[in-house]
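Each remark here refers to the structure printed beneath this line.
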Amino acid sequence: MLTQEIIYQNLSQGKFSEVIRLLYDHGNKLDEDPSIAHAISIFMEHFFQSVSGADQEKLEDLNHDLDILLIAHCQNKYHLKDDHLLKLIHMVYKRAPKAMLYEVAKDHPQDTICKEIIDSHKKSVDKASPFTARTESNEIALESLNVPGQKFETEIRSGDGKVWLKVFLRSGDLLDSIAKHLDKLPSVGLVNTTKAKNGKYNLTVYNQKPFAIEETKDEVNLTLENYFSRSPADPIFKEETISGISNVAYFQILDYMLQLGTGLEAYRSLATKMDEERYRDYFVNYLDAISNSHTATGETFHGSGKSDILIRNSNKEVLLVAECKLWGGKTHLTKALDQLFKRYVIWRDGKAALLIFNTTASGFTKIMETAVETVKSHPLYLKFEGQRKETSYSYTFRHFKDSDKTIKLELILFNFI
C-alpha cells in the first residue's frame, strides 16, 4: 500500500512510475488519509514539473507515466484533481486520441486547450480505439485463433515511438481473469482491456522497464500456456491434521510445481535471465490461485528468516515450506538444505520442497546424480523415499531440534541449458 514515506522516497529518487502504478492499483481511497493526499499532491506537482523540463530521452519514459495517469482517470481507477487533470491534458493532447481527450476535456470548456479539443470533437467525432491501442487500425484476432484448440495469440506492435503487446483470446469471458493474472508478472507494467473497431475486446500489455517487450511476450505466453493447461485434477487442499495436508494434496502440489517448471524450461531465453527471487515469484503467482481457502506467499517471515514460498490455510497455519535455489554445486546445495531446515522449518511443519534451477552448467544428468547423493549426505537425512518423477526425488528428514520429529522433503530440479 502507498504511504507518505514511499511517496517521498520515490520522489527524491525520481521514481515516478512506482508511485503512479500504485495510484492506478489502489485508486482514490488513498486520498482518505490527509497526509497521503497531501503527499500525492506534492508528488503530482513535481512530476509535472519534471515532464516540462525533461529532455527527449527522458521524456519517452515520462510519456509512459502520463499515459497511465490518463488511462487511470478515464477508467476511474484514480480520479485526478482538476488542476492536475488540466496539466495532464496539456501534456498529452497532441498525441492522445481525440475521443479520449474529449471525455476528459468536456467538463473544462474555460480552458483554452480543452475548448480546442471540444470544438474539434463537435466538428468530427473521432472513433479511435482506446488510448493504449491508438495506432491500431485493424484490431481483430489473428488467424491462428481459427485453429481448433488455439485459445490465445500474442503479437508485438508499435507506433508513436511506443511498443506494446496485444493478447487475443478465443473466449472473451476470460479477459478480466487473465488481465489480473498478467498484471502480477514482473515484466508487465500495465494491462488494459481494449475494444476493437469490430466490437470485440482484447488485452493491451505494456512492458515494465527495464524488461524488453520480447521478454514480456515470452512471460505472457508462458503464463497463458500454464493458465490454459490446468485441469480439474489441479490441487484442492485437504487437511490431514491441524498442521499438515494430505499426502495426495502434497503430491498434487509438487506435480503442479514440476509442471510449471517444465513449462518454463521451454522458454530458456526468459528463464536464464531470472534470479532466485523471480523464480519464486513465478511459482507463487500460480500456487496462490489453486485454492480459495489457502494462500501462497513469497519472501515471508517464518522461523528465523524469510522463506521463499509458504502455503497456508485459512487459519494462517503453514502447510508447506519451499525454497528456490540456483544450482551452484554440492556445497551450495548443502547450504540451501541447512537454510531450509535450520532457519525456516519449525516444529509444526511437516512438508517441504527444494526447487533447484540449473542455468549455467552442462551435463544435467550428472547434476541430478550429484544432487541426489548430496541430499543423502546431509546430517538431518533419514531416508530416500524414491524417484517420483524424472527430476523429482522424495526424502524423509529429521527436525533440526527434535530427532523424533520427521519432515518430508521433495527435491525438484529444472534444467535451462
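Residues -2 to 414 in the numbering used here are what the sequence shown lists, from first letter to last.
Ideal Cβ positions, reconstructed from N, Cα and C, are used throughout, including at glycine.
All values derive from a computational prediction rather than experimental measurement.
Considering only Glu29, Ala93, His105 and Leu317, the residue with the shortest C-alpha distance to alanine 246 is Leu317.
With a 10 Å radius around the Cβ and a threshold of 16 neighbouring Cβ atoms, glycine 360 comes out exposed. Within its own chain, the residues whose Cβ lies closer than 8 Å to the Cβ of threonine 292, once the five positions on either side in sequence are excluded, are Asp285, Ile308 and Arg309, listed in chain order.
Beta-bridge annotation (DSSP): valine 164 is paired with Thr151 and Leu200. In this structure, leucine 251 lies near alanine 350, with their beta-carbon atoms less than 8 Å apart. The distance from the Cβ of glycine 169 to that of asparagine 223 is about 20 Å, inconsistent with a contact at the 8 Å cut-off. Following the DSSP letters along the chain, one finds glycine 186 inside the beta strand (DSSP E) bounded by residues 185 to 192. With the rule of 3 Cβ pairs closer than 8 Å, the region 13 to 33 counts as touching the region 74 to 82. Glycine 302 is bridged by DSSP to His299. Secondary structure at glutamine 46: helix, using DSSP grouped into helix, strand and coil. Considering only Val342, Leu66 and Ile33, the residue with the shortest C-alpha distance to lysine 303 is Val342. Secondary structure of tyrosine 378 (DSSP, three-state): strand. Beta-bridge partners assigned by DSSP to alanine 176: none are found. For lysine 119, the enclosing alpha helix (DSSP H) begins and ends at 109 to 120. By the 16-neighbour rule on beta-carbons within 10 angstroms, phenylalanine 165 is buried. Within a 10 Å sphere around the beta-carbon of lysine 405 sit 16 or more other beta-carbons, which makes this residue buried. Pairing histidine 70 with methionine 41 gives a Cβ-Cβ distance that is not under 8 Å. Counting along the chain, no alpha helix (DSSP H) covers lysine 348; the unbroken beta strand (DSSP E) around it starts and ends at 348 to 355.
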